[in-house]
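K.L.:
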Amino acid sequence: MKIAVAGKGGVGKTTIVGTLARVLAQDGTKVLAVDADPASHLHVVLEIPDDRVPAPISSELDLIEERTGARPGTKTGPFFRMNPRVDDIPDEYCAVGADGVRLIVLGEIRAPGSGCFCPENALLRTLLEHVVLERDEAVVIDMEAGLEQFGRATCRGVDVLIVVVEPGARSIDTASKIVRLAQEMGVRRLSIVANRVRSDDEREAVLSLTHAKGLDRVHVLPFSEAVREADLRGTSPFGCQGSAEWVSAIRRLARDISKGVS
Numbered sequence: 483m484k485i486a487v488a489g490k491g492g493v494g495k496t497t498i499v500g501t502l503a504r505v506l507a508q509d510g511t512k513v514l515a516v517d518a519d520p521a522s523h524l525h526v527v528l529e530i531p532d533d534r535v536p537a538p539i540s541s542e543l544d545l546i547e548e549r550t551g552a553r554p555g556t557k558t559g560p561f562f563r564m565n566p567r568v569d570d571i572p573d574e575y576c577a578v579g580a581d582g583v584r585l586i587v588l589g590e591i592r593a594p595g596s597g598c599f600c601p602e603n604a605l606l607r608t609l610l611e612h613v614v615l616e617r618d619e620a621v622v623i624d625m626e627a628g629l630e631q632f633g634r635a636t637c638r639g640v641d642v643l644i645v646v647v648e649p650g651a652r653s654i655d656t657a658s659k660i661v662r663l664a665q666e667m668g669v670r671r672l673s674i675v676a677n678r679v680r681s682d683d684e685r686e687a688v689l690s691l692t693h694a695k696g697l698d699r700v701h702v703l704p705f706s707e708a709v710r711e712a713d714l715r716g717t718s719p720f721g722c723q724g725s726a727e728w729v730s731a732i733r734r735l736a737r738d739i740s741k742g743v744s
């Protein structure tokens, strides 16, 4: 099962990714969490101390040179391996967090057309394709807002793309653009997660806005003051008094995804 999660900054995406990875692991699934958003702090939800967080693969210059034949930042010209070996990287460059979830941190992946024809990008894109298409385990990917860092083969390998939104027309409009791009790139299943919904009126407004955009598969997560405070403190929502309802909603989301994939 391969799950990618996208959404604009500030919508609670990383907290959802980490919690989703942990509830899957608690149900007995082997889980690899992939931090593909340079602004993310996924290790916090996985309860990995700062001094044990893996360095971004994009900063491992010796590794990049070994695998691609070219060192980042040097004048290599166009000659380096575009499909380097990556199968051992998830196990060698991971940290193990709560509930046995393993974490790898990619660093920035430049989009095609950005002008970056470089060895680090070749390694990262090959690694991302490997974890989606070849790993025999659940993979949960914390992405940037869009799908620019994904190739088409990787997109087609994702079982479900979750797009996280907050109540509001602008957030949902952004989600609809991500969904359109995902459909063009071959993503098979899409789901909207509306986070921090405070009332029945907000719920109805979100459902109305999403349906108007043609987005029919919507999961609603309630607003949780406990989760908000955990985020402010830089701690995991697990074990926080008052967070149980929100975590249970993530567990229901995980089970719904699993049913759709199996």
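Sequence positions in the sequence shown follow my numbering and run 483 to 744. For each residue, glycine too, the CB sits at the ideal point set by N, CA and C.
1) Compute every distance between the C-beta of G696 and the non-hydrogen atoms of the ligand MN, then say whether any falls below 7 Å.
2) Starting from K484 and walking both ways along the beta strand (DSSP E), at which residues does that stretch end?
3) In three-state terms, what does DSSP make of H701?
4) Threshold first: 3 residues or longer. Then list the beta strand (DSSP E) segments lying entirely within the segment 637–710, N to C.
5) What are the partner residues of D569, as DSSP defines its beta bridges?
6) Suppose you measure from the CA of N565 to the CA of S690; what does that come to, to the nearest Å?
7) Provide the residue(s) that pair with I586 in DSSP beta bridges, ordered along the chain.
8) How would you label P601, buried or exposed, when you count the other beta carbons within 10 angstroms and need 16 or more for buried?
9) Roughly how many whole angstroms lie between the Cα atoms of P572 and K490?
10) Roughly how far, in whole angstroms, is the beta-carbon of V669 from the beta-carbon of H612, given that I think they are within contact range, below 8 Å?
11) Under the DSSP definition of a beta bridge, which residues are partnered with A577?
12) Are the CB atoms of V513 and A507 within a distance shorter than 8 Å?
13) Could you tell me which whole alpha helix (DSSP H) segments of length 4 or greater appear in the segment 504–552?
14) Exposed or buried, E548, counting other C-beta atoms within 10 Å across all chains shown (16 or more means buried)?
15) Buried or exposed for S596, going by 16 or more other Cβ atoms inside 10 Å?
16) Could you pull out every residue in the same chain whose Cβ sits closer than 8 Å to the Cβ of V729, ignoring the five residues on either side in sequence?
17) The alpha helix (DSSP H) spanning V614 covers which residue range?
18) Just to check my reading of the structure: D517 and D624 have Cβ atoms closer than 8 Å, yes? What is that Cβ distance to the nearest angstrom?
19) In the structure shown, what three-state DSSP assignment does I623 receive?
20) Does the distance from the C-beta atom of G579 to that of H525 stay below 8 Å?
21) For T511, which residues of its own chain have a beta-carbon under 8 Å away from its beta-carbon, when the five flanking residues on both sides are left out?
P.N.:
Quick look at the numbers:
1) In terms of ligand content, the structure shown is empty, and the ligand MN therefore cannot be addressed.
2) K484 -> beta strand (DSSP E) spans 484–488.
3) In this structure, H701 counts as strand in the three-state DSSP scheme.
4) Those beta strand (DSSP E) runs which fall completely within the segment 637–710 and span 3+ residues are 642–647, 672–679, 700–704.
5) Looking at the DSSP output, D569 shares a beta bridge with no other residue.
6) Going from the Cα of N565 to the Cα of S690 covers about 45 Å.
7) V516.
8) Flag for P601 reads buried.
9) Straight-line Cα distance between these residues: approximately 26 Å.
10) V669 to H612, Cβ: 18 Å. No contact.
11) In the DSSP output, where bridge partners are listed per residue, A577 has L585.
12) It is a contact, given that the beta carbons lie within the stated cut-off.
13) Segments of the alpha helix (DSSP H) lying fully in the segment 504–552: 524–527, 543–550.
14) Under this definition E548 is an exposed residue.
15) Legend: pLDDT at S596 = 48, less than 50; position of this residue unreliable, no value from coordinates given.
16) Around V729, the same chain offers T501, V505, P719, F720 as residues with beta carbons nearer than 8 Å, after the five sequence neighbours per side are excluded.
17) Counting along the chain, the alpha helix (DSSP H) containing V614 begins and ends at 601–615.
18) Correct: roughly 5 Å between the Cβ atoms.
19) Three-state result, I623: strand.
20) Inclusion of G579 and H525 in the CB contact set at 8 Å is warranted, their separation being smaller than that value.
21) Shown here for T511: same chain residues with a beta carbon closer than 8 Å to its own, the five before and five after excluded, namely M483, E619, A620 in chain order.
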